[in-house]
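Protein chains in written order, with this note's numbering: chain A, 72 to 185; chain B, 8 to 121.
Here is the structure we will look at.
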């Protein structure tokens, strides 16, 4: 266990559904991240939150909407997804958004869009 | 833009033997960090080892060591006395620049044969 918890572990949703992924950390970190992991592709950084403020959005489609209500929680709201959005979504946190800080990852949510 | 390349999609090693995983990267930054992360089948990514670019001495963590060649922009991971529990996906990652976000390679799947 790394101290970062993601729920649900698995999610199957239709293209017209709305769902949310949840990430929680109680490590005292103030930076949180969403990554997308697809087969045979590098991990793609989607969003970065530092001190509850979004500091990066890597050209992610608007059907993905992040929310960071406090430094311990991060959500990814999903709506009208496409089959190509099926992937493993990883949440991570670090003490701060800087280059020498180790990131701690959750176990991920395996998302399947049908 | 920074990139990380892992040219070996899969590697295999006999238990108790040594294996080296390759990683190259591209950056114009002079100050940065490099990481190797391990993702076992349980999916939770954990940090294996970290190297600071301004340090010439190669990092070592028990059976894991790196060969950092800054001029060649190469950062390989050596696993000595391989164990069955070392079987996992290994990701090379770079962090540098003003934001310091982690940039990952595609990963190398390591199998350990008994």
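Think of the CB as a built atom: it goes at the ideal place given N, C-alpha and C, for glycine as much as any other residue.
Neighbour flag for residue i against chain A, beta carbons, 9 Å
i	result
residue 113(B)	yes
residue 49(B)	yes
residue 2(B)	Given that chain B is displayed from residue 8 to residue 121, the structure contains no residue 2(B) and the question cannot be resolved.
residue 44(B)	yes
residue 109(B)	yes
residue 16(B)	yes
residue 11(B)	yes
Chain B contact residues for residue i, given Cβ-Cβ distances below 8 Å
i	result
residue 96(A)	Result: empty, since nearest Cβ-Cβ is about 13 Å, beyond 8 Å.
Minimum Cβ-Cβ distance from residue i to chain B less than 9 Å
i	result
residue 138(A)	no
residue 85(A)	no
Interface partners of residue i on chain B, CB under 7 Å
i	result
residue 73(A)	51, 53
residue 176(A)	51, 52
residue 99(A)	Here the premise fails: no neighbours, minimum Cβ distance about 17 Å.
Any non-hydrogen atom of the ligand MN within 8 Å of residue i CB
i	result
residue 86(A)	Here there are no bound small molecules, and the ligand MN is not part of this structure.
Chain-ordered residues of the stretch 53-78 of chain B with a beta carbon less than 9 Å from chain A: Listed by position, the residues of the stretch 53-78 of chain B near chain A (Cβ gap below 9 Å) are 53, 54, 57, 59.
For the stretch 21-33 of chain B and the stretch 92-111 of chain A, state whether three or more C-beta atom pairs, one from each stretch, are separated by less than 8 Å. The answer is no - the stretch 92-111 of chain A does not touch the stretch 21-33 of chain B, with fewer than three Cβ pairs under 8 Å.
Quick one: any contact between the stretch 81-100 of chain A and the stretch 127-143 of chain A, if contact means 3 or more CB pairs under 8 Å? At 8 Å Cβ cutoff, the stretches touch.
Compile a chain-ordered list of the residues in the stretch 107-124 of chain A whose CB is closer than 8 Å to at least one CB of chain B. Residues of the stretch 107-124 of chain A with a C-beta less than 8 Å from any C-beta of chain B: 111, 112, 113, 114, 116, 119, listed in chain order.
List in chain order: all unbroken beta strand (DSSP E) runs of 3+ residues lying wholly within the stretch 84-151 of chain A. Listed in chain order, they are 89-96, 102-108, 115-121, 124-128, 135-141, 144-150.
Say whether the stretch 8-18 of chain B touches the stretch 122-141 of chain A, bearing in mind that this needs 3 or more beta-carbon pairs closer than 8 Å, one atom from each stretch. Too few Cβ pairs lie closer than 8 Å, so no.
Can you find at least 3 beta carbon pairs, one from the stretch 80-87 of chain A and one from the stretch 109-120 of chain A, that sit closer than 8 Å? Not touching, per the Cβ criterion.
Meets three-Cβ-pair contact criterion under 8 Å: the stretch 150-167 of chain A and the stretch 70-85 of chain B: Verdict: no, contact absent.
Count Cβ pairs between the stretch 101-120 of chain B and the stretch 35-45 of chain B that sit closer than 8 Å; are there 3 or more? Under the Cβ criterion (8 Å, minimum of three pairs), the stretch 101-120 of chain B counts as touching the stretch 35-45 of chain B.
Write down every uninterrupted run of the beta strand (DSSP E) in the stretch 43-88 of chain B whose length is 3 residues or greater and which is fully enclosed by it, in chain order. Contiguous beta strand (DSSP E) elements confined to the stretch 43-88 of chain B occur at 53-59, 71-76, 81-86, taking only those with 3 or more residues.
If contact is defined by three or more beta carbon pairs under 8 Å, each pair taking one atom from either stretch, is the stretch 171-183 of chain A in contact with the stretch 64-73 of chain B? Segments in contact, no.
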